[in-house]
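Residue numbers (our numbering), protein chains in the order written: chain A, 316 to 549; chain B, 316 to 549.
Remarks on the structure that follows.
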DNA sequence: TACCATGAGATTGGATCCAATCAACACCTG
DNA sequence: CAGGTGTTGATTGGATCCAATCTCATGGTA
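Written out as structure tokens, the structure is:
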């Protein structure tokens with residue numbers, strides 16, 4: 316993939332640290348959250364080598380919380396531990412994107428089907444607001460999060476905590492791909508029409524139709540990203 | 316659930332250490348693998364508090380690799396970090412079991428459908444052998460692993476590495492429940508008939524039939540375990 | 001010139017040490 | 001005797017230190 320396995324150039328790390336404003340109980344959680352967000356949002360692209368000492372200095376902590384945070388990111392398949400070279404941010408490849416969509420195609424319809432009967436007006440309102448926000452928000456960087464929140468709003472009443480957590484994790488991972496190809500193509504690739512159709516089917520409590528729309532939505536997104544990787548030589 | 320949040324009684328930990336024979340590159344990996352196996356196999360039941368110092372002594376290492384291993388287990392939702400109380404093995408509840416089955420019901424049919432066209436005679440042979448082994452193996456403790464390997468054999472040609480990894484992880488988690496209720500009920504609850512029907516449908520390359528059998532298989536298992544929890548007051 | 005050995009530097013894995021925080025228990029008081 | 005309170009011990013989170021190992025550059029040699 317012709318990736319330069321360079322270390323993060325310092326200033327990038329500073330930006331990562333600065334962007335991580337949330338309050339966390341422990342330094343480990345803080346570092347983990349910041350790195351996770353940076354990776355998922357594409358600020359730390361695949362192939363970036365994260366050296367512990369450098370991270371420790373950038374975050375103003377010792378290497379220990381950094382190590383524990385990296386371990387957790389490893390368990391989430393966001394980085395690979397390469398002995399004596401550092402923790403390397405996992406590459407995003409056409410193969411990985413296809414995997415991600417295969418998983419989402421399995422999980423999300425299940426969550427949607429469980430959730431639809433229990434959805435209330437406030438959920439539909441939230442979903443509608445998020446669609447509108449995606450239409451108007453000028454920042455392409457936040458589209459991924461809005462998209463994720465829209466999907467999760469429709470699944471939120473599934474009543475299966477672990478299923479939802481897993482789904483959200485996969486959606487977050489999808490952010491990496493989405494952002495990747497939104498940057499190259501246009502925001503029209505967000506398929507707002509399909510979002511609206513999905514919401515309409517959910518409001519009509521038509522589970523079969525909603526699942527069909529969701530399947531088509533995910534398949535189209537997968538095909539688009541696959542095509543993107545093909546033309547780009549991924 | 317009337318769980319005693321006692322610390323592992325030392326001798327239990329010794330058994331966990333002794334059972335972990337595999338060779339691993341680092342102490343962290345060794346500790347993680349040993350604890351993970353012990354939790355999934357039920358040797359460390361839900362609610363057990365794992366204190367770092369105790370683990371460190373039992374494994375003959377310092378607290379540091381223990382801490383990193385615990386962090387990774389936390390990321391896998393096998394333990395919860397409770398400040399000043401230790402890492403607590405997550406409870407297995409009726410709710411968790413239902414979640415696990417909902418996830419498997421979404422993932423496994425997808426993996427199966429992708430895999431069936433690519434399965435070869437050697438895969439069918441392996442699956443057949445595993446069914447036979449489940450019939451004859453006298454050790455009820457190994458039934459879970461055999462069951463997992465049987466299922467994975469049928470999914471193995473799906474060609475989606477992450478989907479398979481996630482599926483296997485959920486199957487491993489299911490071991491905890493399976494072992495739990497196999498101990499109380501009988502091995503006939505393994506549904507060997509359904510296993511055979513699943514294999515037959517796969518050999519016939521009948522994706523729809525195989526998926527239907529798998530759905531029924533998982534639904535029946537979920538119902539059985541739900542009933543088990545209900546009668547047992549879980 | 002190409003290739004291999006050697007040594008210095010860098011990086012991680014692990015151990016030990018220190019500080020902060022919480023839980024439990026004993027004690028005092030109304 | 002019940003309830004609140006202070007103190008002690010235990011346990012974790014984090015920092016610093018040490019050892020092992022790999023990488024990479026340098027230089028020597030065929």
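Where is the CB? At the ideal position from N, CA and C, for every residue including glycine.
The structure presented is a predicted model; accordingly, all values stated were derived computationally and were not measured.
Distance between residue j and residue i (C-alpha atoms, nearest Å)
i	j	result
residue 345(B)	residue 392(B)	19 Å
residue 613(A)	residue 501(B)	Within the shown structure, residues of chain A are numbered from 316 to 549, placing residue 613(A) beyond reach of any answer.
residue 422(B)	residue 485(B)	9 Å
residue 476(A)	residue 387(A)	20 Å
residue 410(B)	residue 517(B)	31 Å
residue 340(B)	residue 402(B)	24 Å
residue 530(B)	residue 428(A)	15 Å
residue 546(B)	residue 367(A)	51 Å
residue 494(A)	residue 430(B)	30 Å
residue 467(A)	residue 508(A)	18 Å
residue 465(A)	residue 465(B)	38 Å
residue 541(A)	residue 407(A)	12 Å
residue 483(B)	residue 335(B)	20 Å
residue 319(B)	residue 389(A)	Here the model assigns residue 319(B) a pLDDT of 41, short of 50, so the residue's position is not dependable, and the following value carries that caveat. Their Cα atoms are separated by approximately 32 Å.
residue 514(A)	residue 380(B)	48 Å
residue 506(A)	residue 526(A)	16 Å
residue 343(A)	residue 481(A)	22 Å
residue 524(A)	residue 397(B)	44 Å
residue 400(B)	residue 458(B)	34 Å
residue 437(A)	residue 487(B)	37 Å
residue 474(A)	residue 420(A)	19 Å
residue 453(A)	residue 440(A)	21 Å
residue 352(A)	residue 352(B)	31 Å
residue 539(A)	residue 538(B)	40 Å
residue 522(A)	residue 450(A)	26 Å
residue 498(A)	residue 330(A)	20 Å
Supposed close pair residue i, residue j - CB separation, criterion 8 Å
i	j	result
residue 328(A)	residue 385(A)	In fact, because the Cβ distance is near 14 Å, the residues do not count as touching under 8 Å.
residue 463(B)	residue 444(B)	Contact doesn't hold; Cβ gap of about 14 Å is too wide.
residue 414(A)	residue 478(B)	6 Å
residue 469(B)	residue 442(B)	6 Å
residue 532(A)	residue 446(A)	Contact doesn't hold; Cβ gap of about 13 Å is too wide.
residue 412(B)	residue 492(B)	5 Å
Nonlocal neighbours in the same chain, by C-beta distance under 8 Å from residue i, ignoring five residues either side
i	result
residue 317(A)	With a pLDDT of only 34 at residue 317(A), under 50, the local geometry of the prediction cannot be trusted, and no value is derived from it.
residue 435(A)	472
residue 456(A)	356, 494
residue 382(B)	367
Cβ shell of residue i (< 7 Å), same chain only, five flanking positions each side left out
i	result
residue 432(B)	520
residue 332(A)	349, 373, 374
residue 448(B)	461
residue 324(A)	For residue 324(A), the predicted model reports a pLDDT of 48, less than 50, meaning its position is unreliable; a value from the coordinates is still stated below. No residues qualify anywhere along the chain.
residue 528(A)	509, 512, 513, 516
residue 378(A)	367, 368, 371
residue 347(B)	384, 387, 388
Contacts of residue i in chain A (Cβ-Cβ under 8 Å)
i	result
residue 422(B)	418, 421, 422
residue 523(B)	None at all; the shortest Cβ gap to chain A is about 16 Å.
residue 487(B)	Under the 8 Å cutoff, chain A gives no residues; its nearest Cβ is about 14 Å from residue 487(B).
Beta-bridge pairing of residue i - partner residues as DSSP gives them
i	result
residue 404(A)	394(A)
Residue i: contacting residues in chain B (beta-carbon distance under 7 Å)
i	result
residue 383(A)	382, 383, 386
residue 481(A)	418
residue 478(A)	414, 417, 418
residue 519(A)	Chain B residues near residue 519(A): none, gap ~23 Å exceeds 7 Å.
6 Å Cβ shell around residue i - same chain, five flanking residues per side excluded
i	result
residue 404(B)	354, 359, 361, 363, 394
residue 543(A)	496
residue 321(B)	In this prediction, residue 321(B) has a pLDDT of 47, which is less than 50 and means its spatial position is unreliable; nothing more can be read from the coordinates.
residue 557(A)	Within the shown structure, residues of chain A are numbered from 316 to 549, placing residue 557(A) beyond reach of any answer.
residue 376(B)	342
Within chain A, partners of residue i - CB distance below 9 Å
i	result
residue 475(B)	410, 413, 414, 417, 418
residue 531(B)	Per Cβ cutoff of 9 Å: no residues; residue 531(B) is ~16 Å from chain A at best.
Contacts that residue i makes with chain B (C-beta to C-beta distance below 8 Å)
i	result
residue 391(A)	390
residue 349(A)	Within chain B, no residue comes near residue 349(A); the closest Cβ sits about 16 Å away, beyond 8 Å.
Under 7 Å from the C-beta of residue i: neighbouring residues of chain A
i	result
residue 536(B)	Correct list: empty, because the minimum Cβ distance to chain A is about 16 Å.
residue 342(B)	Near residue 342(B) there are no residues of chain A at all, since even the closest Cβ is about 13 Å away, more than 7 Å.
Listed by chain order, chain B residues near residue i by CB distance under 9 Å
i	result
residue 402(A)	None at all; the shortest Cβ gap to chain B is about 13 Å.
residue 371(A)	None at all; the shortest Cβ gap to chain B is about 15 Å.
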